[in-house]
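Q: Below is one structure. I have some questions about it.
2 protein chains.
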Amino acid sequence: MEHNLPHTIALLTRTPAALNALLRDLPESWTHRHEGENTWSVLNVVAHLVYGERADWMPRARMILQFGEERPFESFDRLGFTRDGRAKSLEQLLDEFASLRSENLGALLALNLRQEDLDRCGRHPSFGAVTLAQLLSTWAAHDLTHLHQISRIMAHQYRDAVGPWSAYLGVMQCAGHGAA
Amino acid sequence: MEHNLPHTIALLTRTPAALNALLRDLPESWTHRHEGENTWSVLNVVAHLVYGERADWMPRARMILQFGEERPFESFDRLGFTRDGRAKSLEQLLDEFASLRSENLGALLALNLRQEDLDRCGRHPSFGAVTLAQLLSTWAAHDLTHLHQISRIMAHQYRDAVGPWSAYLGVMQCAGHGAA
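Chains A and B, in that order, give the protein sequences.
Under this note's numbering, the first residue of the first sequence is numbered 1, with each subsequent residue one higher.
Under this note's numbering, the first residue of the second sequence is numbered 1, with each subsequent residue one higher.
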């Protein structure tokens, strides 16, 4: 389907509460373990989501509206959270994610975007021209890619425990597709 | 890691609230569309989870405790929900899932399982001998495989809308691994 701003906002609004309901006060064996060397734990993923709320989505949306294709976005540092959230608890990160997301959605609504704004192009450092609608769609899909990753990281912790059932569990076959 | 009963219960307890926070009152374009012919919508997945609460997990746990390997489990019908929930709204299914899960976890706790119970074997119609610990681990991992699937079904709806960013979104590369 095409990008639809109210549908994007409906999803972006719900992610912090969904992660909170799933993760808060879970035993650390679910949230602090990863899938092997150089992979992320659930704690790392939530820290990355927090970092994106600060550094990625709304700053890029504002750049598109202000500069169009004149200036490329700053590259987004997937590991930016390592300078921002490593020492925080999962509970602090969940609170921070909820609060930043809520502020960002307030700011997005205040822009009163019209279709011509959504069609406006900015310049991505690798892809070239991208529209504001594509950026906002990606913000929502990025939540989903990390929910997908979180469910996979957690399932990995029970890879041995499920015994022969692993053959029936798609999540156990998922290798992450070279990305989240 | 090994199966750990309190950790399994911690996860099983949280899934209904996480799905509720993510899905309730979302626009139907997220929840009622699928990934193509013969694939499930989010509504179908939640109906399948409800059916599992009735027909799969606790009935099999009780069979292991009562009959051990003497009698194989009934085959679990992945499409059983089509006879059980098709006509229900997503909101009704979310309520039903929360209520059945809560009843089932109450019943599980009431069994007061000891390690020797968890090590007890039942007979799976395809795999042969499986332990109660493996069944309970699979119950938790089954929640995760469907959370993984739900995030993928929803992301699929924005496959075109994200434009070139789809290359950076792992969930967009996930084909479902021949299972959920």
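The C-beta atom is built at its ideal place from N, Cα and C for all residues, glycine as well.
The structure displayed is predicted, hence computed values, not measured ones.
Looking at chain B, is there any beta carbon in it that lies within less than 8 Å of the beta carbon of A/VAL50?
A: When Cβ-Cβ separations below 8 Å define contact, A/VAL50 makes no contact with chain B.
Q: Comparing the C-beta of B/VAL42 with each C-beta of chain A, is any distance below 8 Å?
A: no
Q: If distances are taken between C-alpha atoms only, which option among B/PRO125, B/ASP117, B/ASN38 and B/GLU96 comes closest to A/PRO164?
A: Checked all of B/PRO125, B/ASP117, B/ASN38 and B/GLU96; the closest Cα to A/PRO164 is B/PRO125.
Q: Please determine if the stretch 151-166 of chain A and the stretch 34-42 of chain A are in contact, where contact requires at least 3 C-beta pairs separated by less than 8 Å.
A: yes
Q: Any contact of the stretch 74-91 of chain A with the stretch 9-23 of chain B, i.e. 3+ C-beta pairs under 8 Å?
A: no
Q: Could you give the uninterrupted runs of the alpha helix (DSSP H) lying entirely in the stretch 78-119 of chain B, keeping only those of 4 residues or more?
A: 90-110 and 115-118
Q: Could you round the C-beta distance between A/PHE73 and A/GLY122 to whole angstroms and report it? I think they count as a contact, below 8 Å.
A: That pair is a contact at about 6 Å.
Q: So what does DSSP say about B/PRO16, is it helix, strand or coil?
A: helix
Q: Restricting to Cα atoms, I'd like to know which of B/LEU136, B/CYS174, B/GLY176 and B/VAL162 is closest to B/GLU53.
A: That would be B/LEU136, whose Cα lies nearest to the Cα of B/GLU53.
Q: Can you find at least 3 beta carbon pairs, one from the stretch 20-34 of chain A and one from the stretch 101-117 of chain A, that sit closer than 8 Å?
A: At 8 Å Cβ cutoff, the stretches do not touch.
Q: Thinking C-beta only, is B/SER151 closer than 8 Å to A/LEU144?
A: yes
Q: Considering only the beta carbon of each residue, do B/ASN20 and B/ALA140 sit closer than 8 Å?
A: no
Q: Specify whether the stretch 46-61 of chain B and the stretch 98-107 of chain B touch according to this definition: at least 3 beta carbon pairs, one from each stretch, less than 8 Å apart.
A: yes
Q: Could you tell me which chain B residues have their CB closer than 7 Å to the CB of A/SER137, listed as they occur along the chain?
A: TYR158, ALA161 and VAL162
Q: Excluding the 5 residues preceding and the 5 following A/LEU94 in the sequence, name in chain order all residues of the same chain whose CB lies nearer than 8 Å to its CB.
A: Excluding sequence neighbours, A/LEU94 sits near PRO16, LEU19, ASN20, LEU23, ARG24 and VAL46.
Q: At 9 Å on the CB atoms, spell out the chain B contacts of A/CYS121, in chain order.
A: Residues of chain B passing the Cβ test: none, with the nearest at roughly 11 Å.
Q: According to DSSP, which residues form a beta bridge with A/ARG123?
A: A/PRO72 and A/ALA129
Q: With H, G and I counted as helix, E and B as strand and the rest as coil, what does DSSP make of A/MET63?
A: helix
Q: Closer than 9 Å by beta-carbon distance: list the chain E residues that pair up with B/GLN134, in chain order.
A: The chain labelled as chain E is not found among the protein chains of the depicted structure, namely A and B.
Q: Roughly how many angstroms separate the alpha carbons of A/PRO185 and B/THR138, rounded to a whole number?
A: Beyond the ends of chain A as shown, which are 1 and 180, falls residue 185 of chain A; an answer cannot be given.
Q: Whose C-alpha, out of A/HIS48, A/GLN92 and A/ARG62, is nearest the C-alpha of A/LEU118?
A: A/ARG62
Q: Distance check for A/GLU69 and B/THR39, CA to CA, integer angstroms please.
A: 39 Å
Q: Find the nearest neighbour of B/SER166 within the set A/SER166, A/PHE127 and A/GLN149, judged by alpha-carbon distance.
A: A/PHE127
Q: Relative to the C-alpha of B/HIS188, which residue among B/ARG71, B/LEU90 and B/LEU169 is closest?
A: Past the edges of chain B, shown from 1 to 180, lies residue 188 of chain B, and the structure says nothing about it.
Q: Roughly how far, in whole angstroms, is the beta-carbon of A/ALA129 from the beta-carbon of B/ALA161, given that I think they are within contact range, below 8 Å?
A: Actually they are not in contact, since the Cβ atoms of A/ALA129 and B/ALA161 sit about 16 Å apart, beyond 8 Å.
Q: From B/GLY85 to B/ARG60, what does the alpha carbon distance come to, in whole angstroms?
A: Note on B/GLY85: pLDDT 49, under 50, position unreliable in the model; no value is reported.
Q: Can you find a CB in chain B that lies within less than 8 Å of the CB of A/THR82?
A: no
Q: Just reading off the alpha helix (DSSP H) that A/ARG54 is part of, what are its end residues?
A: 42-55
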